[in-house]
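*Asks:* One structure follows; several queries about it will come next.
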Amino acid sequence: MSNTTSKIETGKSKAIVAYLTIIGCIIAMFMNNEAKNKFASFHIKQALGIHIIYFLTMAIANGFNDVESEFVFLSIFSSFLLFNFILWGYSFIGALQGKKNLLPFIGVYFQKWFNKIA
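Going by our numbering, the sequence shown opens with residue 1389, and the numbers climb by one from there.
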């Protein structure tokens, strides 16, 4: 087993935990602080960004409860949630496979913004 493969296998459990919930992401951050792993750090940053997008979407949706046209609102809101779920699935599967899949459009920013966190 090569050195890179063993590092990925070591960080895989932390990466998977990060995607489960926001609490899992926080737990993975603490787990990764003990023994830094680049693979785990990459996925913790991606997962944190996905969780933040989800909570921002929910907060915005909460602010628009009294929208006149519920159908239009629900279709837009559902599209954002579906997009978030697709991002989550893409990243989660990458973590399971031991790959570093950057999220399209925003993954680079997550790596920059959360550089000090994980």
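A virtual CB, placed ideally from N, CA and C, is assigned to each residue, including glycine.
Quick check on the burial criterion: 16 or more other C-beta atoms within 10 angstroms. Buried or exposed for Val-1405?
*Replies:* buried
*Asks:* Residue ranges of each alpha helix (DSSP H) run of no fewer than 4 residues wholly in the stretch 1447-1491, ordered along the chain?
*Replies:* 1458-1485
*Asks:* Could you say if the stretch 1431-1449 and the stretch 1470-1477 meet the contact criterion of at least three C-beta pairs nearer than 8 Å?
*Replies:* yes
*Asks:* On the premise that Ile-1438 lies in contact with Met-1417, defined as a C-beta separation below 8 Å, what is that separation, rounded to the nearest angstrom?
*Replies:* Rounded, the Cβ-Cβ distance is 14 Å, inconsistent with contact.
*Asks:* Please list the terminal residues of the continuous alpha helix (DSSP H) segment that includes Ser-1394.
*Replies:* 1391-1408
*Asks:* With H, G and I counted as helix, E and B as strand and the rest as coil, what does DSSP make of Phe-1502?
*Replies:* coil
*Asks:* Using the beta-carbon count (16 or more within 10 Å), is Ala-1423 buried or exposed?
*Replies:* Exposure of Ala-1423 is indicated by the presence of fewer than 16 other C-beta atoms within 10 angstroms of its C-beta.
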